[in-house]
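Numbering-wise, the numbering used here comes out as the position in the sequence shown, counting from 1, plus 1.
Note that beta-carbon positions come from the ideal geometry of N, C-alpha and C, so glycine has one too.
All figures in this text were calculated on a predicted structure; none of them were measured in a lab.
First comes the structure, then the notes that go with it.
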Amino acid sequence: MQTSEKSVDGDGPSHPRGYSVLSLLAAAAGRHSWPRAWRSRPPRGAYDAVIVGGGGHGLATAYYLARNHDMSRVAVIEKGWIGGGNTGRNTTIVRSNYLLKETATFFEFSLKLWEGLSRELNYNVMFSPRGVVNLFHSPQEREALLRRQNAMILNGIDADVLSLDQLRRLVPALDTSGGARFPVAGAVIQRRAGTARHDAVAWAYARGASNLGIDIIENCEMLAIETQAGAVSAIETTLGRIETTKIGVAASGHSGQIAAMAGFRLPIETHLLQACVTEPIKPFLDCVVSSGTLFVYVSQTAKGELVIGGRLDGCNSFSQRGDLAVLEENLSNAVTLFPRISRLRIMRQWAGAVDMSMDGSPILGPSPVPGLYLDAGWCYGGFKATPAAGWALAHVIANDEPHPIAAPFALSRFAEGRQISERAAGPRPNAH
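And the structure:
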């Protein structure tokens, strides 16, 4: 029989494998000290470029600046913590099922980057191509979705139509009875689409950028933009002044505020897009299900929680709190599709402050101020665009000209009257 002995550090009896009992208890209580995935340092006095926003888009931009363009004298500044903004406040859906060629081309490029992202960054971002199902409830909605499906196929993107019987086999928990409040008639599915882990995406890009020499600076808020001869020359932050001639704006719902610092106004509004997760239950849903009629979408996480999102809050806000009436409506619509979830408890609720452009498409490229570059107006599409947005913003910062896939989304399109009205962009694209 083995006797108890003092551990090496003298804090209690040893485990037979050599661990002290107290060290095991400390690890179980969360006292384990994990190494940081990226370097943290105070800002230098000057950089070749500064990226404002430490979410997925900003970190991806910094990573691709170093990887694709050999620019490593770059800083990412974040007023809070890495991934603490909209990157941590979304529903993790990744898809490229868009109608117009401009948006379809962009998001398909992004989806292809998603498919190899874990290998590229040597970090598991938990990309899961489980399929995104768009339901139709009426002949009119069927025609609209079939039009989108045909456009996707013409653009080289996968899309299939599901009959009601096929849909029942794929999603047996869905209420497909004739007596449903909004009877389901069928669906269109993009099988390569799915979900990814939002936190892992931010951490992966942060580590990748840091390993390439990028400075990542948290708790550093931008206060003002300085210009000389009309061009960017420096920024003022809560941690001091930083000289730079190039600024990439990837600040999600706060893009309009940063544009105001530079003396111009963006054609966007900031709205809250809220969602919630339920208590975990046994897995029953292995795809994302969305209904345009009900303005709701539902998926299930690896832990068994249901993620439910839907309609925008109607009022402009930066609060990130959401509105109870909208949450109740989203939940009611989710229960309409899946009656079995009616007794589940809500564990967490949140809202993301998102830029809603006037045509439902992003603003990606140069601004009216030389040296200031925009990544804004993503409406419902911000998370799924992460790799491609970072790739394209890095290109325009490095070369001072738009990437071909981003050229249609220039801010100048509003003055030129060539809007890209992508009405398939989200559950309620005309909400703004």
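Discussion item. Going by DSSP in three states, T4 sits in which element: helix, strand or coil?
Written reply: Low confidence applies here, because T4 scores a pLDDT of 36, under 50, leaving its location unreliable; read the following figure in that light. In this structure, T4 counts as coil in the three-state DSSP scheme.
Worksheet item: Leaving out five residues before and five after V162 in sequence, what residues of the same chain have Cβ atoms less than 6 Å from its Cβ?
Response: Excluding residues within five positions, the ones whose Cβ falls inside 6 Å are V189.
Discussion item. For P276 and G353, what's the separation of their Cα atoms in angstroms?
Written reply: One detail in the question is off: residue 276 reads as Ala in this sequence, not Pro. Whole-angstrom Cα-Cα distance: 9 Å.
Item to complete: Would you list the one or two residues that DSSP bridges to W39?
Response: Looking at the DSSP assignment, W39 forms no beta bridge with any residue, so it has no partner.
Worksheet item: Given D49, which residues of its chain have a CB within under 8 Å of its CB, disregarding the five upstream and five downstream residues?
Response: Around D49: M72, R74, V75, T245, T246, K247.
Discussion item. Helix, strand or coil for D71? Go by DSSP, reduced to three states.
Written reply: DSSP places D71 in coil when its eight states are reduced to three.
Fill in: Boundaries of the beta strand (DSSP E) in which A263 is found, first to last residue
Note, A263: premise wrong, no beta strand (DSSP E); not H, not E.
Worksheet entry | Buried versus exposed call for T239 [16 or more other C-beta atoms within 10 Å across all chains shown] | Flag for T239 reads exposed.
Worksheet entry | Backbone CA spacing between I83 and A186 [nearest angstrom] | About 43 Å.
Worksheet entry | The alpha helix (DSSP H) enclosing M153, as first and last residue numbers | M153: member of the alpha helix (DSSP H) spanning 140-155, first to last residue.
Item to complete: Note down the Cα distance separating L122 from L155, rounded to an integer number of angstroms.
Response: Cα to Cα, the separation comes out at about 32 Å.
Worksheet item: For A335, does the three-state DSSP call read helix, strand or coil?
Response: In this structure, DSSP gives A335 a helical state, which the three-state scheme calls helix.
Item to complete: Evaluate the contact criterion for the region 248-257 versus the region 362-380: three or more CB pairs, one atom per stretch, below 8 Å.
Response: Yes: the two stretches touch, three or more of their Cβ pairs being nearer than 8 Å.
Worksheet item: Assuming I243 and A235 make a contact with CB atoms under 8 Å, what is their CB distance in whole Å?
Response: Here I243 really is in contact with A235; their C-beta atoms are around 6 Å apart, less than 8 Å.
Worksheet item: On the three-state DSSP scale, how would you describe P430?
Response: Its pLDDT being 40, under 50, P430 is placed unreliably by the model, and nothing is read from it.
Worksheet item: Span of the beta strand (DSSP E) holding D216?
Response: Counting along the chain, the beta strand (DSSP E) containing D216 begins and ends at 216-218.
Item to complete: Would you tell me roughly how many angstroms separate the C-alpha atoms of S318 and D166, rounded to the nearest one?
Response: For S318 and D166, the distance between alpha carbons rounds to 43 Å.
Worksheet item: Are at least three pairs of beta-carbons, each pair with one atom in the region 376-390 and one in the region 107-127, less than 8 Å apart?
Response: The answer is yes - the region 107-127 touches the region 376-390, with three or more Cβ pairs under 8 Å.
Worksheet item: What is the DSSP secondary structure of Q321, counted as helix, strand or coil?
Response: Q321: coil per DSSP, three-state reduction.
Worksheet item: Does the Cβ of P403 have 16 or more other Cβ atoms within 10 Å, making it buried, or fewer, making it exposed?
Response: Counting the other CB atoms within 10 Å of its CB gives P403 a total of 16 or more, which places it among the buried residues.
Fill in: For A76, three-class secondary structure by DSSP
DSSP places A76 within a strand segment (E or B) once states are collapsed to three.
Worksheet item: Thinking C-alpha only, which one of L213, V278, L224 is nearest A38?
Response: When each option's Cα is compared against that of A38, the closest is L213.
Worksheet item: Taking all protein chains shown into account, do 16 or more other C-beta atoms lie within 10 angstroms of the C-beta of P409, making it buried, or fewer, making it exposed?
Response: Buried.
Fill in: Exposure label - F437; buried when at least 16 CB within 10 Å
Since the displayed the chain opens at 2 and closes at 433, residue 437 lies outside it and no answer follows.
Practice prompt. Tell me whether M348 is buried or exposed, calling it buried when 16 or more other Cβ atoms sit within 10 Å of its Cβ.
Written response: Counting other Cβ atoms within 10 Å of its Cβ, M348 stays below 16 and is therefore classed as exposed.
Discussion item. Please return the same chain residues whose Cβ sits closer than 7 Å to the Cβ of R419, not counting the five positions on each side in sequence.
Written reply: Closer than 7 Å at the Cβ level, and outside the excluded window around R419, lies no residue.
Worksheet item: Which residues in the same chain as G180 place their Cβ atom closer than 8 Å to its Cβ, once the five residues preceding and following it in sequence are excluded?
Response: Cβ neighbours of G180 within its own chain (closer than 8 Å, five residues either side excluded): none.
Discussion item. Three or more C-beta pairs under 8 Å: does that hold for the region 84-104 against the region 168-179?
Written reply: With a cut-off of 8 Å, the region 168-179 and the region 84-104 do not count as touching, because too few Cβ pairs lie within range.
Worksheet item: Between which two residues does the beta strand (DSSP E) carrying A386 extend?
Response: From DSSP, A386 is part of no beta strand (DSSP E); its letter is neither H nor E.
Worksheet item: What separation, rounded to the nearest whole angstrom, lies between the Cα atoms of S119 and S320?
Response: Taking the straight line joining both Cα atoms gives about 33 Å.
Worksheet item: Taking D356 as the reference, which of D324, G46, P44, G86 has the closest Cα?
Response: Residue nearest to D356 within the set D324, G46, P44, G86 is G86 (criterion: CA-CA distance).
Practice prompt. Would you mind stating whether T294 and F415 have Cβ atoms separated by less than 9 Å?
Written response: Cβ atoms of T294 and F415: not closer than 9 Å.
Worksheet item: Tell me, which residues are paired with E227 by DSSP?
Response: According to DSSP, which records beta bridges pairwise, E227 is partnered with A235.
Practice prompt. Report all residues from its chain with a CB closer than 8 Å to the CB of R40; omit the five preceding and five following residues, and keep chain order.
Written response: Close CB contacts of R40 within its chain, under the 8 Å cut and outside five residues either way in sequence, are with S211, D216, I217 (chain order).
Item to complete: Measure the alpha-carbon distance for L325 versus G89 and round it to whole angstroms.
Response: CA-CA distance, L325 to G89, rounds to 20 Å.
Practice prompt. Quick one: give me the first and last residue of the alpha helix (DSSP H) that S119 is part of.
Written response: Per DSSP, the unbroken alpha helix (DSSP H) holding S119 starts and ends at 118-122.
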